[in-house]
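Each residue of the sequence shown is one higher than the last, beginning at 0 in numbering that gives the first Met the number 0.
Glycine is no exception: its CB is placed at the ideal position from the N, C-alpha and C atoms.
Notes to accompany the following structure.
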Amino acid sequence: MLALYRLVAHIPIPGLDSVALENLFNNNQLLGFLDLFSGGALRRMSIVALGVFPYITASIIMQLLTPVIPTLQNLSREGEAGRIKMNRITHWGTVPIAIAQAFAQLVLLQQANVLTNVGFSGDALMPTIAAILSMTAGTMFLVWLGELITERGIGNGISLIIFAGIVVGFPGLLARGFLDRDNILGVFFFALIGLLIVAMIVVFNEAHRRIPVQYGRSIFRGGQMYRQSGSSYIPLRINSAGMIPLIFAFSIVILPGTVAQFLGNLAGNLNAALSPGGPIYWILAFFLVVGFTFFYTLVVFQQQNIAENLQRNGGFVLGIRPGRPTQDYLNRVIIRLTMGGALFLGFIAIVPYLASLVTNVEAIALSSTSLLIMVGVGLDTLRQLEAQLMMRNYEGFLR
Numbered sequence: 000m001l002a003l004y005r006l007v008a009h010i011p012i013p014g015l016d017s018v019a020l021e022n023l024f025n026n027n028q029l030l031g032f033l034d035l036f037s038g039g040a041l042r043r044m045s046i047v048a049l050g051v052f053p054y055i056t057a058s059i060i061m062q063l064l065t066p067v068i069p070t071l072q073n074l075s076r077e078g079e080a081g082r083i084k085m086n087r088i089t090h091w092g093t094v095p096i097a098i099a100q101a102f103a104q105l106v107l108l109q110q111a112n113v114l115t116n117v118g119f120s121g122d123a124l125m126p127t128i129a130a131i132l133s134m135t136a137g138t139m140f141l142v143w144l145g146e147l148i149t150e151r152g153i154g155n156g157i158s159l160i161i162f163a164g165i166v167v168g169f170p171g172l173l174a175r176g177f178l179d180r181d182n183i184l185g186v187f188f189f190a191l192i193g194l195l196i197v198a199m200i201v202v203f204n205e206a207h208r209r210i211p212v213q214y215g216r217s218i219f220r221g222g223q224m225y226r227q228s229g230s231s232y233i234p235l236r237i238n239s240a241g242m243i244p245l246i247f248a249f250s251i252v253i254l255p256g257t258v259a260q261f262l263g264n265l266a267g268n269l270n271a272a273l274s275p276g277g278p279i280y281w282i283l284a285f286f287l288v289v290g291f292t293f294f295y296t297l298v299v300f301q302q303q304n305i306a307e308n309l310q311r312n313g314g315f316v317l318g319i320r321p322g323r324p325t326q327d328y329l330n331r332v333i334i335r336l337t338m339g340g341a342l343f344l345g346f347i348a349i350v351p352y353l354a355s356l357v358t359n360v361e362a363i364a365l366s367s368t369s370l371l372i373m374v375g376v377g378l379d380t381l382r383q384l385e386a387q388l389m390m391r392n393y394e395g396f397l398r
């Protein structure tokens, strides 16, 4: 199925100037950053150029709106049926986001003389509508393909599609970053730093604090009485936000410089100040990553209702009263853990810049964000593969 995704990624929308398109991506950091996660589909301006980012955006919006909209709160507590309904709402929300992003990209390409006749009047109407519908359909096709992989394969399909795009584009990044360099010693140290980053990502992705939980009473569920006893634990991860804060932060910090390129000399100073080679760019990226990590982690954690679920199932944290005291205790723990996770993600965000200063190898395009995604998706897929193998062993034992 991933091979089918790569095949579709080579089908371009009609009417492109390929030379002008290549020049645009070489001079635009935002498009180059997004192209990293599309495996070159955006650089080719294929029908799947938007990738799954409209769906990811819709999913994040749903997560942020759930605590403030009572209807969504109720759906989140209805189990599998509620999850299916929320997923359907997310799908419908993906469509207008994909349409808006497709039109914005077409306008950007027209301003860069890559496309002509973009608009909703005259001869430009039908080509514009055809291009927007093609790109929107490409996004929905990838969403369907990702969910099919999740249902019938191993791992999260959406994450694997992003993973495949990064893996395909990584050799080109390595070539542009290293092969034309004469600084062999600097290249060696840069590669060593990259390996250390991967090791740190693995450690922080797997690190978690175990909150001991005790079960000690009978509960009535489904017309039957169940006796629960024994102890367990709640694993609270240090990096529970994953890649989302990095993608948000870099998209925002790159956006002003991208807009400034189309405003002429009036915004020339802004474009120069926010270039990836300057310290202001990376300082903003660090603080944005830290801020987004706190915000996103706390919002998602509140939606899990861990204290309420514990109390409903007869569980309690040792030494803490059930209910509100348990929720306050877990909030304090997650804030302390998130501090470490936020600083870690902030450091990961600026490592390429720091490494370029130390090694004199300008390979900032070798994004630590992509390494974080690759390692995270790889670890998650391995865990699911181990679970599948263990389940098959149990099935053979029961037979």
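Which runs of the alpha helix (DSSP H) fall wholly inside the segment 58-115 and span at least 4 residues, in chain order? Here the runs fully enclosed are 69-75, 78-110.
Among Thr56, Ile210, Leu49, nearest to Gly318 - alpha-carbon criterion: For the set Thr56, Ile210, Leu49, the Cα lying nearest the Cα of Gly318 is the one of Ile210.
According to DSSP, is Arg382 part of a helix, a strand, or is it coil? Note: Arg382 maps to helix in three-state DSSP.
Relative to the C-alpha of Leu195, which residue among Pro66, Ile347, Ile12 is closest? Among Pro66, Ile347, Ile12, the Cα nearest to that of Leu195 belongs to Ile347.
Do the segment 82-90 and the segment 304-319 touch if we need at least three Cβ pairs shorter than 8 angstroms? Taking a cut-off of 8 angstroms for Cβ pairs, the segment 82-90 and the segment 304-319 do not touch, as fewer than three such pairs fall below it.
Along the chain, where does the beta strand (DSSP E) that runs through Pro211 open and close? For Pro211, the enclosing beta strand (DSSP E) has its first and last residue at 207-214.
Sequence-distant residues of the same chain with beta carbon closer than 7 angstroms to Leu371, five excluded per side: Excluding sequence neighbours, Leu371 sits near Ile200, Met242, Leu245, Ile347.
Determine the closest residue to Asn204 out of Leu3, Leu336, Ser58, Leu6, with distance taken between C-alpha atoms. Selection Leu3, Leu336, Ser58, Leu6 evaluated against Asn204 yields Leu336 as nearest (Cα-Cα).
Contact under 8 angstroms by Cβ, Leu235 with Ile333: With respect to Ile333, Leu235 sits close: the two C-beta atoms are nearer than 8 angstroms.
Around the Cβ of Ile46, are there at least 16 other Cβ atoms within 10 angstroms (buried) or fewer (exposed)? Burial check for Ile46: the Cβ neighbour count within 10 Å reaches 16 or more, so the residue is buried.
Can you name the residues that DSSP bridges to Tyr232? According to DSSP, Tyr232 shares a beta bridge with Pro211.
Separation of Ala130 from Leu283, as counted between CA atoms: Spanning the two alpha carbons is a distance of roughly 35 angstroms.
Check for me: the beta strand (DSSP E) holding Val299 runs from which residue to which? No beta strand (DSSP E) holds Val299; the alpha helix (DSSP H) holding it covers 278-302.
Compute the Euclidean distance between the alpha carbons of Gln326 and Met125, then round it to the nearest angstrom. Using only the alpha carbons, I get a separation of about 55 angstroms.
Spell out the partners DSSP gives Gly241 in its beta bridges. DSSP lists no partner for Gly241.
Within 10 angstroms of its Cβ, does Pro324 collect 16 or more other Cβ (buried), or is it exposed? Result: exposed.
Which residues does DSSP list as the beta-bridge partners of Ser45? Residue pairing for Ser45: DSSP places it in a beta bridge opposite Pro11.
What does the Cβ neighbour count give for Arg331, buried or exposed, with the cut at 16 atoms within 10 Å? Arg331 is exposed by the Cβ-count criterion.
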